[in-house]
Structure formats: structure tokens, C-alpha cells
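Engineer: The structure that follows is given in the form of C-alpha cells.
Protein chains: 2
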Amino acid sequence: MTKTYTISELANEFDITVRSIRFYEDSGLLSPSRRGQTRIYSRKDRVRLKLILRGKRLGFSLAETKELFDLWDNTSQGSEQQLKLMLEIIEQKREGLRQQLSDIAMANLELDNAEARCRDALTELVDKKQSGWEKTEKEPSSR
Amino acid sequence: MTKTYTISELANEFDITVRSIRFYEDSGLLSPSRRGQTRIYSRKDRVRLKLILRGKRLGFSLAETKELFDLWDNTSQGSEQQLKLMLEIIEQKREGLRQQLSDIAMANLELDNAEARCRDALTELVDKKQSGWEKTEKEPSSR
DNA sequence: TCTTTTCTTTACGCTAACGTAAGCTTTGGC
DNA sequence: GCCAAAGCTTACGTTAGCGTAAAGAAAAGA
Chain A
1 MTKTYTISEL ANEFDITVRS IRFYEDSGLL SPSRRGQTRI YSRKDRVRLK
51 LILRGKRLGF SLAETKELFD LWDNTSQGSE QQLKLMLEII EQKREGLRQQ
101 LSDIAMANLE LDNAEARCRD ALTELVDKKQ SGWEKTEKEP SSR
Chain B
1 MTKTYTISEL ANEFDITVRS IRFYEDSGLL SPSRRGQTRI YSRKDRVRLK
51 LILRGKRLGF SLAETKELFD LWDNTSQGSE QQLKLMLEII EQKREGLRQQ
101 LSDIAMANLE LDNAEARCRD ALTELVDKKQ SGWEKTEKEP SSR
């Protein structure tokens, strides 16, 4: 009773279009089975789709993701050369992720900065209001 | 004696092309001063460029980055409405970064997984070799 | 001063990742 | 059994982010 999914079910679940899913298939990232012409997606297919989307959020191109999939698929039967290449690539990906972590940390600092500046500007505005400095107020408190 | 940079200096430093830098200017993300026709980049321009590139690594489109720049530039003179909008957007960006952190964590787990599988396959290969199971070896130890 | 870089603008080209439309088949609900 | 909804293929269109080439001006080194 292995659960399956239709293309629109997956599209709804992940909030993407069926066009995208078919496009990923054309790009060699998915290969669902068929009942007649209709695509039937297994749980494994669903996992792959999830990985594709996560890759996208991490800035991977579809080609890169495909490369990873292909490597992964050939890992168990790979030669020693292949396996060592795979390990190198894994290390490269790790390095990329480390870079992203650093970037995120810096970005967060800048957001802190921006937020502080924003709040300062806000309180300054409120101060002006309270001291009767308003220019464009509709209802000045005294006049 | 405020330090300045030429376009090719920046291109070299950040390992991008001058074409890209000019493109960012066309997109409204940079506006270096000029000496005659020649572009002169200040330290501030350099910082902006750095931010653009970091944004790219985090998957921001140039349009998004421009939006952030524009908001930032208008922050000090912004209305209360504007400032509150800015705070909202900042929070959205934070949420995006949190999502990315989660994605990176998951990706790292999968890399661990892949690496383990790889190493297993490798040691298995070595074991076969040692027990004389090789098929494609050039110099079998006995024959 | 001459020549070789480095800079400029203009403009067409290209790839990735889909969007969108046309036209046809299949399937689920009444 | 019928019809709308969902599925399919084919194919052209679109946007972002540059690459690349042409043709000329300015700056820097010999």
C-alpha cells in the first residue's frame, strides 16, 4: 500500500506549479512512474522534489542538484576514483554552506543595525509629535 | 585623502567582471562619481558592492537588494508609515534567514549521510582488493 | 610622442527556469 | 453517459543576469 501522489497534489503541497514539476523531470531530476500517460509520484519522488526545492533555497542551480543526484545514485557502485571525487565534492559543498552561514551571520548583524536605526528614527518622530512640532497634523492639540 | 577605486580594481578584488559592476549600476544599485567619463568608486561604493555580492550568495535578486538599499536610504527621513513598513520587511528578511539556517542544517545532515555511505563503499572496495577479489587489476598478485 | 592599456557606450546574444497558450486525451462526479 | 476538471505534449514567450563584440576616448608607460 505504498502511497503515491498526483502531480497537482505535489504542486499544492509545495506551493509550486505543475509546470515546474514537469520541468524538473525534463531536466532529469525526477522520473516518476506512469499509469498510461499519467505521472505517478512515489514517496521517493516526493523526497527528491523536496531536495530540489531546498537546493533552490540554498542557491543551487538545477544542474548542480542533478549532479549531486547522479553522484549519489552511482555512489554504491562507484570506483575508488569516483568515490574519492564524491568525497571532494561533498567537502566543497560543506565549504559553500560554511560561507553561507558566515553570510547569514553578517546579514543578521546588518538587520540588527537597520532595525536600531529604524527604531531611533521612530522615537524621534514621536518626540517631535509630543512637543508640538508637527507640521502636517490634522488636529493640533492647541491653536 | 579618501581612498578610491577604479572599476577594474574592484572587479579584481571581488573576482567579478567589470561588465557585472556596470550592470549593477544600470540596475540602480551603484552610482559612483565620475572624473570625466571614468567611474570613481568610493569606500561606500565598495561596501555596497560587497553587500550586493553577499545578497547574491544568499539568493537575493538584484531587485530585492535594490529595494533594501532604497529603503535604507530613505530610513532617516521616512514617515512613521514608512518606518513601520521597514521594520516589517526587516522581520521578513530575518524569517528568510532563519529558513536558510534550517535548510543548511538539513543539508549538512545529508552531507554527513552521503559521506558515511561513501566511506563505507570505499572500505568495502579496499577489503575486496586485499582478499584478492579484484577484477580489473593490472598486476594480480598470483596467477 | 607613440603606443599600449584601460576606460567608455551601445547593442545584440545567451542560458536558466519557468509562464502561457493551444489542442488533445483521460478521469472522476453526477 | 456526459461534462468539467485534471492530465498530457508541443512549442513559443519572458525575465534576470550577465557575455561579448564593436568602436571610440583617455590615461599611462617607454
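Same order as they appear, the protein sequences are chains A and B. 118 is the number that the numbering used here gives to position 118 of the first sequence; each next residue is one higher, with no gaps. 44 is the number that the numbering used here gives to position 44 of the second sequence; each next residue is one higher, with no gaps. Cβ atoms here follow ideal geometry from the backbone N, Cα and C, with glycine treated the same way. The structure presented is a predicted model; accordingly, all values stated were derived computationally and were not measured.
1) Checking the sheet assignment: what are the DSSP bridge partners for A/R35?
2) Nearest-angstrom Cα distance between B/E88 and B/Q82?
3) Using the C-alpha atoms, what's the distance from B/S79 back to B/Q100?
4) Span of the alpha helix (DSSP H) holding A/G78?
5) Taking CB distances under 7 Å as the criterion, tell me whether A/S142 reaches chain B.
6) Taking 6 Å as the limit between beta carbons, can you name the residues of its chain near A/G28, skipping five residues before and five after?
7) I'd like to confirm the pairing. Which residues does DSSP put opposite A/Y5 in its beta bridges?
8) Whole-angstrom Cβ separation of A/A116 and B/S76, contact assumed at under 8 Å?
9) Please report whether the beta-carbon of A/T75 lies at a distance below 7 Å from any beta-carbon of chain B.
10) Check whether chain B comes within 7 Å of A/T136, counting only Cβ atoms and requiring the distance to be less than that.
11) Name the chain A residues that come within less than 8 Å of B/L63, Cβ to Cβ?
12) To the nearest whole angstrom, what separates the beta carbons of B/L58 and A/D103, a pair I think is in contact under 8 Å?
13) Name, please, each residue of chain A whose Cβ falls closer than 7 Å to the Cβ of B/I52.
14) Output, in chain order, the set of chain B residues within a Cβ distance shorter than 8 Å of A/A114.
15) Could you pull out every residue in the same chain whose Cβ sits closer than 6 Å to the Cβ of B/S33, ignoring the five residues on either side in sequence?
16) Between the alpha carbons of B/K144 and A/R48, how many angstroms are there, rounded?
17) What residues from chain B crowd round A/D103, counting only those whose CB sits closer than 7 Å?
18) Looking at B/L62 and B/M86, is the spacing between their C-beta atoms short of 7 Å?
19) Does any C-beta atom of chain A lie closer than 7 Å to the C-beta of B/L49?
20) Return the first residue and the last residue of the alpha helix (DSSP H) that A/D73 is part of.
21) Counting contacts by CB-CB distance shorter than 7 Å, is A/R43 in contact with chain B?
22) Counting C-beta neighbours from all protein chains within 10 Å, is the total for B/L68 16 or more, i.e. buried, or is it exposed?
23) Is B/E80 close to chain A? Criterion is C-beta to C-beta, closer than 7 Å.
24) Suppose the cutoff is 8 Å on Cβ atoms and the five residues either side in sequence are ignored; what does the same chain contact list for B/Y24 look like?
25) List, in order along the chain, the chain B residues whose C-beta lies closer than 8 Å to that of A/K93?
Structural biologist: The relevant details are as follows:
1) A/T38
2) 10 Å
3) 32 Å
4) Counting along the chain, A/G78 falls outside any alpha helix (DSSP H), and DSSP gives it neither H nor E.
5) Confidence is the limiting factor: at A/S142 the pLDDT is only 42, short of 50, which leaves the residue's position unreliable, though a coordinate-based value still follows. No, no contact with chain B.
6) K66
7) A/Y41
8) Going by Cβ atoms, the distance from A/A116 to B/S76 rounds to 12 Å, so no, they are not a contact pair.
9) yes
10) Residue placement at A/T136 is flagged as unreliable, the pLDDT there being 48, under the threshold of 50; the coordinate-derived value follows with that caveat. Not an interface residue.
11) It should be noted that the sequence gives Ala, not Leu, for residue 63 of chain B. Per Cβ cutoff of 8 Å: no residues; B/A63 is ~16 Å from chain A at best.
12) 5 Å
13) Going along chain A, no residue has its Cβ under 7 Å from B/I52, so there is no contact; the nearest lies around 12 Å.
14) W72, T75, M86 and I90
15) I40
16) The shown model of chain B, from 1 to 143, leaves out residue 144 of chain B, and the question about it has no answer.
17) R54, R57 and L58
18) no
19) no
20) L62 to N74
21) no
22) buried
23) yes
24) L30, L49, I52 and L62
25) A107 and L111
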